[in-house]
Amino acid sequence: MQQNPIRKIVIVGGGTAGWMAAAPLAQRMGKRCEIVLVESPDIGTIGVGEATLPTIRFYNAALQLDHADFIKKTQASFKLGIEFKDWGHVGNRFFHGFGDFGPPVNGIQAHHYWLRLARSFDHMPALENWSTASIMARENKFAMPSDAQPGVTDAYSFGYHFDAGLYAAFLRDYAMARGAKRVEGTITSVDQHPETGFVTAVRLADGRTLDGDLFIDCSGFRGLLIEGALKAGYDDWSEHLPCNSALAVPCARVEPLTPYTRSTAKGAGWLWRIPLQHRTGNGHVYSDAFTTDDKARQDLLDGLDGAALDEPRQLRFVTGKRKKSWVKNVVAIGLSAGFVEPLESTSISLIETAVGTLIEQFPDRDFRPELADEFNRIIGSRYESIRDFIVMHYKLTKRDDTEFWRYCANMTIPDSLAHQIELFRETGRVAILDRDSFLLPSFVSMLVGLGVEPKRYDPFVDDVDMRQLHGHFAGLRDLIVQTVAKMPSHSAYLEKNAKAG
Ligand code: FAD
Numbered sequence: 054m055q056q057n058p059i060r061k062i063v064i065v066g067g068g069t070a071g072w073m074a075a076a077p078l079a080q081r082m083g084k085r086c087e088i089v090l091v092e093s094p095d096i097g098t099i100g101v102g103e104a105t106l107p108t109i110r111f112y113n114a115a116l117q118l119d120h121a122d123f124i125k126k127t128q129a130s131f132k133l134g135i136e137f138k139d140w141g142h143v144g145n146r147f148f149h150g151f152g153d154f155g156p157p158v159n160g161i162q163a164h165h166y167w168l169r170l171a172r173s174f175d176h177m178p179a180l181e182n183w184s185t186a187s188i189m190a191r192e193n194k195f196a197m198p199s200d201a202q203p204g205v206t207d208a209y210s211f212g213y214h215f216d217a218g219l220y221a222a223f224l225r226d227y228a229m230a231r232g233a234k235r236v237e238g239t240i241t242s243v244d245q246h247p248e249t250g251f252v253t254a255v256r257l258a259d260g261r262t263l264d265g266d267l268f269i270d271c272s273g274f275r276g277l278l279i280e281g282a283l284k285a286g287y288d289d290w291s292e293h294l295p296c297n298s299a300l301a302v303p304c305a306r307v308e309p310l311t312p313y314t315r316s317t318a319k320g321a322g323w324l325w326r327i328p329l330q331h332r333t334g335n336g337h338v339y340s341d342a343f344t345t346d347d348k349a350r351q352d353l354l355d356g357l358d359g360a361a362l363d364e365p366r367q368l369r370f371v372t373g374k375r376k377k378s379w380v381k382n383v384v385a386i387g388l389s390a391g392f393v394e395p396l397e398s399t400s401i402s403l404i405e406t407a408v409g410t411l412i413e414q415f416p417d418r419d420f421r422p423e424l425a426d427e428f429n430r431i432i433g434s435r436y437e438s439i440r441d442f443i444v445m446h447y448k449l450t451k452r453d454d455t456e457f458w459r460y461c462a463n464m465t466i467p468d469s470l471a472h473q474i475e476l477f478r479e480t481g482r483v484a485i486l487d488r489d490s491f492l493l494p495s496f497v498s499m500l501v502g503l504g505v506e507p508k509r510y511d512p513f514v515d516d517v518d519m520r521q522l523h524g525h526f527a528g529l530r531d532l533i534v535q536t537v538a539k540m541p542s543h544s545a546y547l548e549k550n551a552k553a554g
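The numbering used here applies: residue 54 is where the sequence shown begins, and numbers increase by one.
Printed below as a string of structure tokens:
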């Protein structure tokens, strides 16, 4: 069958999403297809989005980015997970690390043994003491995972914190070196085919017109093409995730440089703390229905551990997703496709998924609707599984000190999440609804950290001698502690690595 290859791609928007889309497309098709990215000098980028998941490493690796160069140019630091403070109840503290809690025994995941041991032995250390990532975080250490100490150094993973503007610039240089073109201008209108409704061109304020075959909408919350022109519609999830506002402010870097993000729950939301090499990013995500902007600003400034480097910047959002993010010849990627608040740093990973899925389902000029259907199925399920995971953080609270937390504890939740919580509460099992999203250790970290105590554990656990098992895990814990003690500090590791580039 004859193919009608795409001849020209127009990417609307030059934020993190726009350049993350441009780079791999230029890498693959920069020589045979025209790729043009248009960004407005008058409409800035959102300028936040600095914590990532380990999946970013697959994205960077596919581009064959030089690791040391990337660390240096984006002022990146390493991220082993998230420390949660005052989530669940005031005074609570736990770590959601990237990695598991030791290798399975007889094919059964370690947390079942922990559940059993915790019933048999007094003063059983918290589950996170079996997590290498958690112990590294506590000690502010970092080294690359390897097979050096099986069961320890292959048991954790990492992502990065980076400066969002510098990362976009890094990818811009990469994409432009491979043929992508950049146009500065503000789009004022969109041309559509009178019969099909396909977008044919975008018009700029200065009179220029950019035509194309495929349009990638990375225009941020405004969704210039996907909503403005194509009216895709939006699923509003505010009922389950009431935060709708954020204030962001950078502050001076302080020591030690922590290899993790911190999230501290507040009366009507939470504070983020993201350490970079050159500064610390901070923000307050909150619901303006339950607090005032002034109070939120004060909570943010009171929580800083370095001198503020700027005035707090206000952002508003509506949690949810586009009903369809691929409509006709427009594919929305980034904030134009939807937004789930940044509690688990999932937005950039959703961009990675969308870009990867677009490449997998890449159309020709026939734009077979099956491709869009498949793209929308994959992206829709990813957004929903992330939504459920984040809602869980709020729903499981035992806090009743503010109206906000009382609302969260009593709100209705999606059936899919109710099933996940009840399965764990009753049996210690975890239902993974999307295998490409958060997996068992993440669910166990959050469920246990938020105080869900399973009534049962895997019955096969009882086949193993408890004393032997206790010795096995105590030995594993000692090995982790000894291995971590020999690792360099996060700052020392970074300095060596950044210099290597
Ligand atoms: P934007 O950055 O808004 O870029 C939009 C682009 O479109 C700009 O270049 C603009 O010039 C262009 N544009 C718009 N209109 C026009 C027009 N008319 N003509 C021409 N160009 C136009 N994600 C994470 O993964 N981790 C985090 O820790 C994280 N924290 C966040 C905290 C907050 C409070 C918020 C709101 C988001 C956070 N995110 C996080 C999400 C993350 O910031 C975004 O996913 C990411 O920055 C991508 O944004 P974007 O490129 O889609 O949009």
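Note that the Cβ used here is the ideal one computed from N, Cα and C, for glycine as well.
From a predicted model like this one, the values you see are computed outputs, not experimental measurements.
Take residue i as the anchor and find which of the options has the nearest alpha-carbon.
{"i": "F223", "options": "A129, H149, I443", "result": "A129"}
{"i": "V380", "options": "Q245, M445, Y510", "result": "Q245"}
{"i": "P107", "options": "G134, A201, G433", "result": "G134"}
{"i": "G433", "options": "M464, V393, F420", "result": "V393"}
{"i": "F428", "options": "D419, D441, S378", "result": "S378"}
{"i": "G322", "options": "M82, V158, T450", "result": "T450"}
{"i": "S93", "options": "Q117, M82, I64, N113", "result": "I64"}
{"i": "I327", "options": "G502, L486, P422, D216", "result": "D216"}
{"i": "P203", "options": "P157, F195, V338, D363", "result": "P157"}
{"i": "F151", "options": "S490, K138, N57", "result": "S490"}
{"i": "E548", "options": "L310, R418, Y166, D419", "result": "L310"}
{"i": "W27", "options": "V338, H331, L170", "result": "Only positions 54 to 554 of the chain appear in the structure, and residue 27 is not among them; the question remains open."}
{"i": "N57", "options": "G68, R81, A74, R85", "result": "R85"}
{"i": "G66", "options": "S438, V236, H543, M177", "result": "V236"}
{"i": "E192", "options": "S402, F148, A385", "result": "F148"}
From residue i to residue j, what does the alpha carbon distance come to, in whole angstroms?
{"i": "R452", "j": "D122", "result": "44 angstroms"}
{"i": "T253", "j": "L278", "result": "11 angstroms"}
{"i": "E456", "j": "M464", "result": "12 angstroms"}
{"i": "D266", "j": "F370", "result": "31 angstroms"}
{"i": "E413", "j": "A527", "result": "45 angstroms"}
{"i": "D511", "j": "G502", "result": "20 angstroms"}
{"i": "H164", "j": "L522", "result": "12 angstroms"}
{"i": "F174", "j": "G160", "result": "23 angstroms"}
{"i": "I269", "j": "A114", "result": "23 angstroms"}
{"i": "V383", "j": "F251", "result": "8 angstroms"}
{"i": "W72", "j": "R530", "result": "42 angstroms"}
{"i": "V444", "j": "F496", "result": "12 angstroms"}
{"i": "D358", "j": "A545", "result": "21 angstroms"}
{"i": "D518", "j": "E397", "result": "38 angstroms"}
{"i": "A75", "j": "A190", "result": "34 angstroms"}
{"i": "S298", "j": "A349", "result": "10 angstroms"}
In this structure, does DSSP put residue i in helix, strand or coil?
{"i": "K125", "result": "helix"}
{"i": "E308", "result": "coil"}
{"i": "G144", "result": "coil"}
{"i": "K348", "result": "helix"}
{"i": "T253", "result": "strand"}
{"i": "R366", "result": "strand"}
{"i": "G373", "result": "strand"}
{"i": "D289", "result": "strand"}
{"i": "L354", "result": "helix"}
{"i": "F556", "result": "No statement about residue 556 is possible, as the shown extent of the chain runs from 54 to 554 and does not include it."}
{"i": "I466", "result": "coil"}
{"i": "S490", "result": "coil"}
So, at 8 angstroms on beta carbons, what are the nonlocal neighbours of residue i in its own chain, with the 5 sequence-adjacent residues on each side left out?
{"i": "L43", "result": "Residue 43 lies beyond the residue range present for the chain, which begins at 54 and ends at 554; the question has no answer from this structure."}
{"i": "H142", "result": "T450, K451, R452, G504"}
With DSSP as the reference, please indicate the residues paired to residue i in a beta bridge.
{"i": "S89", "result": "Per the sequence presented here, residue 89 reads as Val, with Ser not at that position. Paired residues: V63, K234."}
{"i": "I327", "result": "G334"}
{"i": "H149", "result": "I135"}
{"i": "S316", "result": "F137, W325"}
{"i": "I161", "result": "V158"}
{"i": "W379", "result": "V384"}
{"i": "R452", "result": "Looking at the DSSP assignment, R452 forms no beta bridge with any residue, so it has no partner."}
{"i": "Y213", "result": "F131"}
{"i": "P303", "result": "G334"}
{"i": "G276", "result": "Paired residue(s): none; G276 is not in a bridge."}
{"i": "S542", "result": "K194"}
{"i": "G391", "result": "K374"}
Keeping to the same chain, check which residues put their C-beta closer than 6 angstroms to that of residue i; ignore five residues upstream and five downstream.
{"i": "I533", "result": "T185, I188, V205"}
{"i": "K508", "result": "E479"}
{"i": "E280", "result": "none"}
{"i": "S199", "result": "T206"}
Closer than 9 angstroms, CB to CB, is residue i near chain C or not?
{"i": "P494", "result": "Although the question refers to chain C, the structure presented lacks it and comprises just one protein chain."}
Between which residues of its own chain and residue i is the CB-CB distance below 7 angstroms, once the five residues before and five after are set aside?
{"i": "A79", "result": "I88, A228, R231, G232, A233"}
{"i": "L500", "result": "F477"}
Is residue i near the ligand NAD - that is, is its Cβ less than 8 angstroms away from at least one heavy atom of it?
{"i": "G144", "result": "Looking at this structure, you won't find the ligand NAD anywhere; what it does contain is the ligand FAD."}
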